[in-house]
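Report on the following structure.
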Amino acid sequence: MSDRFFLDTNIIVYSFDEGNPSKQKRARELIEKGLKGHNGCISYQVVQEFANIATRKFVVPMSHDDCRYFIEIFLAPMWEVYASRELVSSALDIAERWQYSFYDSLIIAAALEASCDILYSEDLQHRQKIYQLQIINPFI
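Read in the working numbering, the sequence shown has 53 at position 21, and its numbers run on one by one without any break.
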């Protein structure tokens, strides 16, 4: 087993949630752990979902420059998985077998492609195992 882990978009978003300090603290710990240990991973999908939420849906939306800065400093070092035919095909297989939505299946497929053992997400089934990947809700 490796110590590689994947962060779903909701973890990144919670790192900005001042209304929920316990989740904000835990999310920031996971991001810091991923950066310091060089073992945290994200995908293109996570980056684009974060940029959309940060610039449009935050209580005080981020400026595009601030969003770009955050992506370059904090997300780019963990960004390992990009869109591909193989990723889409894998996501469709996962969606069919485990009955997740297509977009959730893309996150799972990306975590598998990055050879992660853990996928941190609040939105998926806690402790479910998909191949070698364990889904963990870090806020439980």
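In this text, a Cβ means the ideal position worked out from N, Cα and C, and glycines have one as well.
Three-way DSSP call (helix, strand, coil) for residue i in this model
i, result
"Asp-81", "In the sequence under discussion, the amino acid at residue 81 is Glu, which differs from the Asp named in the question. In this structure, Glu-81 counts as helix in the three-state DSSP scheme."
"Glu-50", "coil"
"Lys-57", "helix"
"Val-45", "helix"
"Val-120", "helix"
Beta-ladder partner(s) of residue i, from DSSP
i, result
"Asp-152", "Here residue 152 is Tyr; the residue named in the question, Asp, does not match the sequence. DSSP lists Leu-39 and Ile-168 as partners of Tyr-152."
"Lys-161", "Gln-166"
"Gly-72", "Phe-37"
"Trp-111", "Ile-74"
Rounded distance between the beta-carbons of residue j and residue i, thought under 8 Å
i, j, result
"Leu-165", "Leu-151", "6 Å"
"His-158", "Ile-140", "Wrong, their Cβ atoms sit about 14 Å apart, outside the cutoff."
"Phe-38", "Ala-143", "4 Å"
Cβ pair count under 8 Å reaching 3, the segment 68-84 against the segment 110-129: Judged by Cβ distances under 8 Å, the segment 68-84 makes contact with the segment 110-129, as three or more pairs qualify.
contact_flag[the segment 45-61, the segment 77-93] where n(CB pairs < 8 Å) is 3 or more: Judged by Cβ distances under 8 Å, the segment 45-61 makes contact with the segment 77-93, as three or more pairs qualify.
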